[in-house]
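A.B. asks:
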Amino acid sequence: MAWTGICCVGRWSLPTAGAVSAGTGKARARAWRSGGLWGSQFAAWNCSCLTAPSVFLPQQTARKITSMFSINNSESSSIQKPAVFKEKHVSTFSVTAKQTLGAAGGVLLLSCVILCPCFRAKKKQTERAVLGHSSLPMDSLSSYEASSTSELATASPRRYTLSPRESSSIGAVAFTMAQIIKATHNFSPSLRIGQGGFGMVYRGQLDDGRIVAIKRAKKDSYKARLTAEFRNEVGMLATIEHLNLVKLIGYCEQEDEHILVTEYVPNGTLREHLDGARGTYLDLSTRLDIAIDVSHALTYLHLYADQPIIHRDVKSSNILLTENFRVKVADFGFSRTGPLEANETHVSTQVKGTAGYLDPEYLKTYQLTQKSDVYSFGILLIEILTGRRPIELKKDIEERITVRWAFKKTNEGKATEILDARLVRVPGIDMVAEKMFELALQCSAPTRSDRPSMKQAGEQLWAIRKSYQTVKSEAKQ
1 MAWTGICCVG
11 RWSLPTAGAV
21 SAGTGKARAR
31 AWRSGGLWGS
41 QFAAWNCSCL
51 TAPSVFLPQQ
61 TARKITSMFS
71 INNSESSSIQ
81 KPAVFKEKHV
91 STFSVTAKQT
101 LGAAGGVLLL
111 SCVILCPCFR
121 AKKKQTERAV
131 LGHSSLPMDS
141 LSSYEASSTS
151 ELATASPRRY
161 TLSPRESSSI
171 GAVAFTMAQI
181 IKATHNFSPS
191 LRIGQGGFGM
201 VYRGQLDDGR
211 IVAIKRAKKD
221 SYKARLTAEF
231 RNEVGMLATI
241 EHLNLVKLIG
251 YCEQEDEHIL
261 VTEYVPNGTL
271 REHLDGARGT
281 YLDLSTRLDI
291 AIDVSHALTY
301 LHLYADQPII
311 HRDVKSSNIL
321 LTENFRVKVA
331 DFGFSRTGPL
341 EANETHVSTQ
351 VKGTAGYLDP
361 EYLKTYQLTQ
371 KSDVYSFGIL
381 LIEILTGRRP
391 IELKKDIEER
401 ITVRWAFKKT
411 NEGKATEILD
421 ARLVRVPGID
431 MVAEKMFELA
441 LQCSAPTRSD
451 RPSMKQAGEQ
461 LWAIRKSYQT
471 VKSEAKQ
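1 is the number of the first residue of the sequence shown in full-length UniProt numbering; add one for each residue after it.
#1: Please name the residue, chosen from I292, F334, R278, that lies closest to S372 on a Cα-to-Cα basis.
#2: What are the boundary residues of the beta strand (DSSP E) that P400 is part of?
#3: Locate the alpha helix (DSSP H) running through K328, then write down its first and last residues.
#4: When you compare each of R312, Q205, I193 to H185 by their alpha carbons, which one comes out closest?
#5: Where does D417 sit, in a helix, a strand or coil, going by DSSP?
#6: Counting pairs of beta carbons, one from the region 452-459 and one from the region 424-434, are three or more of them closer than 8 Å?
#7: Under a three-way DSSP split, which group does L260 fall into?
#8: Across which residues does DSSP place I310 in a beta bridge pair?
#9: Taking all protein chains shown into account, do 16 or more other C-beta atoms lie within 10 angstroms of the C-beta of T470, making it buried, or fewer, making it exposed?
#10: Helix, strand or coil for V212 per DSSP?
#11: What do you reckon, are the CB atoms on L385 and M436 nearer than 7 Å?
#12: When we look at the beta-carbon of S473 and count the other beta-carbons within 10 Å, is it buried (16 or more) or exposed?
#13: Select from Y468, V246, A415 the residue whose C-alpha is nearest the C-alpha of V426.
#14: Rounding to the nearest angstrom, what Cα-Cα distance links K328 and E361 in this structure?
#15: Just to confirm, is the Cβ distance from D306 to N244 under 7 Å?
#16: Should the region 373-381 be regarded as contacting the region 307-322, the criterion being three or more beta carbon pairs within less than 8 Å?
#17: From what residue to what residue does the alpha helix (DSSP H) around V294 run?
#18: Determine whether the beta carbon atoms of L226 and A238 lie at a separation below 7 Å.
#19: Which two residues bound the contiguous beta strand (DSSP E) that contains L248?
#20: T269 bridges to which residues according to DSSP?
#21: Applying the criterion that 16 or more other CB atoms from any shown protein chain within 10 Å of the CB defines a buried residue, is Y304 buried or exposed?
#22: Starting from Y202, follow the alpha helix (DSSP H) in both directions and report where the run begins and ends.
#23: By alpha-carbon positions, which one of D256, G235, H273, I240 ends up nearest to R216?
#24: Look up E438 in the DSSP assignment and say whether it is helix, strand or coil.
#25: Name the residue from R465, Y357, I310, V347 whose alpha carbon lies nearest to the alpha carbon of M454.
#26: Along the chain, where does the beta strand (DSSP E) that runs through G194 open and close?
#27: Assuming the contact rule is C-beta atoms closer than 8 Å, P308 and V374 should be a hit. Round their C-beta distance to whole Å, please.
#28: Starting from residue 505, trace the alpha helix (DSSP H) in both directions and tell me its first and last residue.
Shown next as structure tokens:
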């Protein structure tokens with residue numbers, strides 16, 4: 001969902017494997033409110049069942065049941081008559097009345113017994129309708145957008161459910177469709193600057209003269225999924241502020257239109273620069289600084305945001321660059337709040353992310369943690385150093401999975417052989433390459449317990465940068 005010239009892969013779905021852990025009181029309240037449909041359907045079951053006897057019982061069956069209960073009540077009345085009825089002229093009427101009432105009561109009782117399975121079947125059917133939507137189709141083989149069916153039905157307690165109206169109270173502007181059309185010259189193709197899995201991105205100009213990026217969601221056949229991702233991204237961006245995170249300016253949500261307005265980041269994505277699509281060359285110092293900026297952004301999300309946030313889609317096409325090559329991390333559509341309680345270690349949820357960057361332990365256990373972002377960051381470091389994508393289908397089979405190839409070469413002591421060939425061999429480059437590869441492989445360890453935190457990874461990168469500057473200074477003397 002990158003905001004500028006994105007070479008973005010598609011997304012597809014995996015089935016859900018676990019319920020989300022219990023959230024805060026407010027989160028549970030939101031989940032409870034989202035269950036309003038349940039109450040209305042339960043009332044509907046009651047209404048349909050209360051009127052059911054006249055529908056489900058055939059007339060002949062009703063006569064037999066009435067006759068049976070009339071006989072039983074007649075016999076019972078003749079036995080109890082001396083004790084119950086003391087007035088001679090009332091007895092005949094009373095027996096008839098009891099027969100009628102008994103028959104009616106019998107019909108109602110038997111009807112309830114017959115219809116009881118209908119209650120349960122209807123309830124189970126409705127439960128499946130509310131909680132078990134059919135899984136979404138696969139859009140691509142390249143990238144996961146594993147959307148949970150339960151999250152489509154109701155807002156997950158762990159996802160941001162901040163509505164656009166609420167976000168406007170903390171700085172995000174609610175734009176009208178007319179303003180968006182004016183800013184983009186009615187979505188002129190000449191102003192199109194990118195395209196991603198979410199939709200098209202346009203360069204626009206607001207009435208106050210500001211240049212912005214306007215991301216227009218493509219029409220999704222499953223509107224609930226689109227709305228959930230859109231509101232999740234609005235909610236996330238509206239509550240965070242950091243130099244290395246893209247800034248939300250506003251949004252527009254009208255009928256089937258879902259549009260985000262963010263700051264304009266003019267220098268494309270990291271992936272574009274690694275591909276040479278921008279016509280510029282990234283030297284080792286710039287690549288190291290980009291890695292440090294990304295580590296700062298993720299450390300902020302994990303430790304210093306109002307609630308811990310797991311980005312869940314860290315990749316080179318979501319790393320935007322300014323004219324000075326400072327990082328702006330974008331695309332929060334898949335983001336989730338992390339564990340909120342001290343005794344919680346993970347969030348159980350469906351798999352979302354991009355193939356090649358996905359934490360293998362998360363794929364296996366459906367347990368999402370901050371270390372899942374650390375794994376993706378490790379893959380990103382390898383990408384920065386080698387210039388290669390995580391999956392290179394056109395390479396020889398032993399080189400197709402870049403992280404495996406990097407592991408093998410590093411263990412053989414040949415880390416410098418897999419550096420991007422465009423990097424100029426300057427003093428200190430071998431030292432930096434070896435240390436960065438070592439850190440990348442720590443971050444992309446198969447099990448999360450073997451990975452450092454994002455804060456620790458950032459500190460190691462700073463130490464590498466300091467050592468590199470020392471080497472360069474000594475080389476100049």
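Positions of the beta carbon are idealized from the N, C-alpha and C atoms, including for glycine.
Source: prediction; values computed, not measured.
C.D. replies: Let's see:
#1: The shortest Cα separation from S372 among I292, F334, R278 belongs to F334.
#2: Looking at the sequence itself, residue 400 is Arg, so the reference to Pro does not match. Under the DSSP assignment, R400 falls outside any beta strand (DSSP E); it carries neither an H nor an E label.
#3: Unbroken run through K328 is the beta strand (DSSP E), 327-329; no alpha helix (DSSP H).
#4: Of the listed residues, the one whose Cα sits closest to H185 is Q205.
#5: It should be noted that the sequence gives Glu, not Asp, for residue 417. The three-state secondary structure of E417, taken from DSSP, is helix.
#6: Here the region 452-459 does not lie against the region 424-434, with fewer than 3 beta-carbon pairs under 8 Å apart.
#7: L260: strand per DSSP, three-state reduction.
#8: The partner list for I310 (beta bridge, DSSP) reads R336.
#9: Result: exposed.
#10: DSSP places V212 in strand when its eight states are reduced to three.
#11: Against a cut-off of 7 Å, the Cβ pair of M436 and L385 comes out as a contact.
#12: Flag for S473 reads exposed.
#13: Here the closest residue by C-alpha is Y468.
#14: The alpha-carbon of K328 is positioned some 27 Å away from that of E361.
#15: Taking 7 Å as the Cβ cut-off, D306 and N244 do not qualify as a contacting pair.
#16: A contact exists between the region 373-381 and the region 307-322.
#17: Unbroken alpha helix (DSSP H) run through V294: 284-299.
#18: Their beta carbons are not under 7 Å apart, which means L226 does not touch A238 by this criterion.
#19: Per DSSP, L248 belongs to the beta strand (DSSP E) from 248-254.
#20: For T269, which the question treats as bridged, DSSP gives the partners L320.
#21: Counting C-beta atoms within 10 angstroms of its own C-beta, Y304 has fewer than 16 neighbours from the protein chains shown and is therefore classed as exposed.
#22: No alpha helix (DSSP H) contains Y202, which is instead part of the beta strand (DSSP E) from 199-205.
#23: Ranking the options by Cα distance to R216, first place goes to D256.
#24: When secondary structure is reduced to three states using DSSP, E438 falls in the helix class.
#25: Residue I310 holds the alpha-carbon nearest to the alpha-carbon of M454 among R465, Y357, I310, V347.
#26: Unbroken beta strand (DSSP E) run through G194: 192-195.
#27: Actually they do not touch by this definition, with Cβ atoms about 13 Å apart.
#28: Because the chain in this structure spans residues 1 to 477, residue 505 falls outside the shown range and cannot be described.
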